[in-house]
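Numbers in the numbering used here are just positions in the sequence shown, counted from 1, shifted up by 245.
All residues carry an ideal CB built from backbone N, CA and C; glycine is no exception.
Only one structure is covered here, and it is reproduced in the block below.
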Amino acid sequence: MAERSQPIKRCAVAGNPRFPGGGGDRISGLANDLLGHILSFLPAVEAVRSSALSRRWRRAWTHTPDLKISDELHQDGFLDLARAVLAQYGAPDIPSLNVTISCRRWRRAWTHTPDLKISDELHQDGFLDLARAVLAQYGAPDIPSLNVTISCRSNLGPATAAWLRDAMAGVVGSICVNIDRYSLDQQLVLPRSLQAKAMSLNLSANFHYKPLLIFPEPAGAAAFERLAELSLSNVSLQIDGLGEFLSSFFPQLRKLHLRNVYNVTRKGVLNERPLILHMDMLEDLEVGIYQLMLLQVVAARLRLLTVSCHSFQSMAALTTDTMVTISAPRLEVISWSSRFPKQLNFLTDVRCVRRLAGLLVYWPDISRIEYSLPDLVHFIQTCSGADQLDVSVDIPHGRNPSMLAKEDFIECIPCLPNIRTLSLTIVTILRKLQCPIGPSVFSFLRRCPNLTLLHIDLSTLHQLTRQDRYNHVFPDDDDKTGAAKPCQGRELDPWKPPKDQVQLVSLRKIRISGFFGTDPEMELADLLFGVGATLPALERISISSFAQLSGRVDMIALKMKAWFPLAGGHWEISPLEEIIWTKNVDGLL
């Protein structure tokens, strides 16, 4: 007689008293790292499915050290699956990621990317062949966005310029072209019409090297009417009536940036023709054209006007009647970092202007006569309704305390009771300076009695040179950088402004950036919130240093606590490596 089959017994669960003995589920009792190691041999989909075994296994897969993601079992919905797996993975960092894509539909998925980036960074040889192949295989007839970066000299020439022209003609979204080297020996000709809504071109031109950007005869009156944003940087143009051309063929422009632009004649000489813009839709305008003599803007919707440092800077401008005329009733922000023209006229009321930025003030120096202080004063008085002021103060290296005591040229600037936010950037090289930096700050504070927010940027003090923003030179650490309190008998600079003359009763926040903790910087801090400063409304002080000096933040914090034990609040270091003093909720300063 055949034996009756015995029922199959279930495996005992480890830790369950109903299933004692050594035949239990010992795997479930393993540590998370071991379970993760076991599951790392499975595809991610199978590892996730182990969560259904029991509570113990629900998130065991999130500890796997090798995450394998494949579309072998999930050709449909693979991307959603991949995103979900990464979103639920336990560790913030993935030790190992193994992705396998075999489905044919993914082989050409790149042809549907909305932002096509083409660069010669990794393909210096054969870049043009690669670029042509990418566009030839791109899936959509129209390119939503094209971003091209070329940095190798050998990759530029007539053939590349022709490819760029054809590629730009097929873009319907945004165009961005960056030439990182002075290597465009030929000219770049734009298409006769564009479908794009935004275009940004940077051809790396300078005073000696001027690659030419050619606007051909437009295909019709509507050839460029779709373009809403146009930014031209470091380019050379050859257009007699640039303003009239832009006004006529770019009627829908809302943003126009002309930054470091050379408008030259056919002989290569800088063109002194005026720039006259009549643009009804324009909201954001930046003008930085070399040897500009006359600027006229009529823009009913203009809100932001920027005149950058290269306008009105030529030697010819010293003897020529330069003129700027602005008609913009909605103007809110004016950023002016250039010399002021001899005539500056606002045809509409500028009381709506709320912010004045980019202003440059030179401490009196005979080599800086081209920056006229009366013109600056007239500009500030004209826009007296502004409540935010951004100023860069340049202190020459040769100034000394006795000079500062004899001539306080800031006395020419009137009281500014409407200024609520003041941002000062001190431009000098501290290791070459012979005078304190406090007087320049003090002079502006006296003229802004109703300040609520104050920002002082000291980052240029430790630059290698005035022009080099990326390399810094910091003094060596010594005993002076410790946390000792200031000595009462310590000799300070002979010219120190009396703090009792500054009554900033409305000041709530002070922010200092680029702080290292040298004696001149500490004396500036003492001027702002040391003993004797009257700041009844102060709520917060934030001090930041340099990213490469993160290890020094603790030392600076100890120094601030020792020098300035401000009552009614406390010092601390934030997660962003900022030294912060905060007023207690029920505390008094």
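Which same chain residues, not among the five before or five after residue i, have their C-beta less than 7 Å away from its C-beta?
i: S341; result: P310, D311 and L312
i: A782; result: V750, S751, L752 and R753
i: A289; result: L312, K313, I314 and V330
i: L576; result: L547, R548, L550, V595, C597 and V598
i: D278; result: H308
Verify whether the separation of the beta carbon atoms of residue i and residue j is less than 7 Å.
i: L661; j: V636; result: no
i: N447; j: N423; result: yes
i: S583; j: F557; result: yes
i: L433; j: A406; result: yes
i: L503; j: V542; result: no
i: S492; j: L539; result: no
i: V672; j: D639; result: yes
i: S445; j: S476; result: yes
i: I701; j: I757; result: yes
i: G762; j: L703; result: no
i: S364; j: T394; result: yes
i: V416; j: L391; result: yes
i: R692; j: I658; result: yes
i: K500; j: R471; result: no
Please classify residue i as buried or exposed, where buried requires at least 16 other C-beta atoms within 10 Å of its C-beta.
i: I801; result: buried
i: R596; result: exposed
i: A376; result: buried
i: V569; result: buried
i: P810; result: exposed
i: D529; result: buried
i: K362; result: exposed
i: N716; result: exposed
i: F774; result: buried
i: P684; result: buried
i: P386; result: exposed
i: L520; result: buried
i: S299; result: exposed
i: A234; result: Only positions 246 to 834 of the chain appear in the structure, and residue 234 is not among them; the question remains open.
i: T345; result: exposed
i: Q536; result: buried
i: N508; result: buried
i: S250; result: Caution is warranted here: a pLDDT of 40 is assigned to S250, below 50, making its placement in the model unreliable, and the coordinate value is therefore given only provisionally. S250 should be labelled exposed.
i: R665; result: buried
i: L367; result: exposed
i: L669; result: buried
i: L709; result: exposed
Pull up the distance between the alpha-carbon of residue i and that of residue j, whole angstroms please.
i: N829; j: E817; result: 12 Å
i: S790; j: L772; result: 19 Å
i: H815; j: T827; result: 6 Å
i: C421; j: L380; result: 16 Å
i: P765; j: N505; result: 36 Å
i: A842; j: D325; result: In the structure as shown, the chain starts at 246 and stops at 834, and residue 842 therefore has no counterpart that could be examined.
i: P359; j: Q483; result: 33 Å
i: L601; j: L549; result: 10 Å
i: Q333; j: D316; result: 18 Å
i: E823; j: L498; result: 41 Å
i: A650; j: L592; result: Residue placement at A650 is flagged as unreliable, the pLDDT there being 43, under the threshold of 50; the coordinate-derived value follows with that caveat. One C-alpha to the other measures close to 41 Å.
i: P337; j: A807; result: 39 Å
i: L457; j: S481; result: 5 Å
i: A305; j: L794; result: 41 Å
i: V776; j: Q626; result: 34 Å
i: S572; j: E784; result: 41 Å
i: F719; j: A473; result: 45 Å
i: W740; j: F495; result: The pLDDT assigned to W740 is 47, lower than 50, so where the model puts this residue is not dependable, and the model offers no usable value.
i: T705; j: S580; result: 20 Å
i: L634; j: A464; result: 45 Å
i: R714; j: L675; result: 14 Å
Determine which residues share a DSSP beta bridge with residue i and list them.
i: F591; result: I571
i: N343; result: K313
i: A443; result: S419 and E474
i: L457; result: S481
i: I674; result: DSSP, once it has assigned bridges, lists no residue as partnering I674.
i: R756; result: H700 and S787
i: E768; result: Note: E768 sits in no beta bridge, so no partner.
Can you list, in chain order, the residues of its chain whose CB lies under 6 Å from that of residue i, leaving out five sequence neighbours each side?
i: P436; result: R410, M413 and A414
i: D425; result: S396
i: F490; result: I484
i: I825; result: S787, E817 and S819
i: Q588; result: M568
i: D566; result: K587
Here's a check: name, in chain order, each residue in its chain whose Cβ is nearer than 8 Å to the Cβ of residue i, leaving out the five neighbours to either side.
i: P820; result: none
i: N663; result: S629, G630, A631, D632 and N695
i: M560; result: Reliability of the predicted coordinates at M560 is poor, the pLDDT of 45 falling under 50, and no value is obtained from them.
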